[in-house]
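Colleague:
This is the structure:
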């Protein structure tokens, strides 16, 4: 599964990210730290992102409570949990924070998720 870096939302001092066939290439030369909010039941996001970005990027992961049964309503109910979950990251500068749930982003709206 290919995950595109554009799913990351601006957080602090975003870096330019471009996609190549298998890896993301960051324009800065220091090790970048990203935050990733993933569903509690997700089994592959960490591995996918570490494969995508390689060793030059540190990824902090926080897991968001996810509904047992997925519906439009249950996905909408995740909106207030995004900020709550992102607050669990360690107090370090993050280049960007990504939300790893395309379905919830579609229901909540990408602009709203970006605000959260």
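In the working numbering, the protein residues as written are 26 to 141. Glycine is no exception: its CB is placed at the ideal position from the N, C-alpha and C atoms. In this text the structure is predicted, and so the values were computed from the model without any measurement.
(1) Kindly indicate the opening and closing residues of the beta strand (DSSP E) around residue 124.
(2) Taking C-beta to C-beta, are residue 87 and residue 114 nearer than 7 Å?
(3) Tell me which residue opens and which closes the beta strand (DSSP E) that residue 88 is part of.
(4) How close, in whole Å, do the beta carbons of residue 57 and residue 111 come, if the pair is a contact with beta carbons under 8 Å?
(5) Thinking C-beta only, is residue 89 closer than 7 Å to residue 141?
(6) Determine the DSSP secondary structure at residue 62, reduced to helix, strand or coil.
(7) Between which two residues does the alpha helix (DSSP H) carrying residue 128 extend?
(8) By how many angstroms is the C-alpha of residue 62 removed from the C-alpha of residue 68?
(9) Measuring alpha carbon to alpha carbon, tell me which residue in 118, 70, 99 is nearest residue 59.
(10) Residue 128 and residue 84 look like a contact to me (Cβ under 8 Å); what is the Cβ gap, rounded to whole Å?
Modeller: This is what the structure gives:
(1) One-based indexing of the chain shown puts residue 124 at position 99. It spans 121-124 - the beta strand (DSSP E) in which residue 124 sits, taken as one unbroken run.
(2) Here residue 87 corresponds to residue number 62 of the chain shown, with the count starting at 1. Here residue 114 corresponds to residue number 89 of the chain shown, with the count starting at 1. Pairing residue 87 with residue 114 gives a Cβ-Cβ distance under 7 Å.
(3) Working through the chain shown from its first residue, we reach residue 88 at position 63. Start and end: 82-89.
(4) As a working note, residue 57 is residue 32 in the chain shown. As a working note, residue 111 is residue 86 in the chain shown. With 8 Å as the limit, residue 57 and residue 111 do not qualify as a contact, their Cβ atoms being about 17 Å apart.
(5) The residue labelled residue 141 in the question sits at position 116 within the chain shown. The residue labelled residue 89 in the question sits at position 64 within the chain shown. Result no, Cβ atoms of residue 141 and residue 89 do not sit closer than 7 Å.
(6) Working through the chain shown from its first residue, we reach residue 62 at position 37. Strand.
(7) The count along the chain shown starts at 1 and reaches residue 128 at position 103. Where residue 128 is concerned, the enclosing alpha helix (DSSP H) stretches over 127-133.
(8) Reading the chain shown from its first residue, position 43 is the one you call residue 68. Reading the chain shown from its first residue, position 37 is the one you call residue 62. Cα-Cα distance, rounded: 13 Å.
(9) For the purposes of this step, residue 59 is taken as residue 34 along the chain shown, with counting starting at 1. Cα-wise, what sits closest to residue 59 is 118.
(10) Indexing the chain shown from 1 puts residue 128 at position 103. Indexing the chain shown from 1 puts residue 84 at position 59. So it is not a contact: roughly 21 Å between Cβ atoms.
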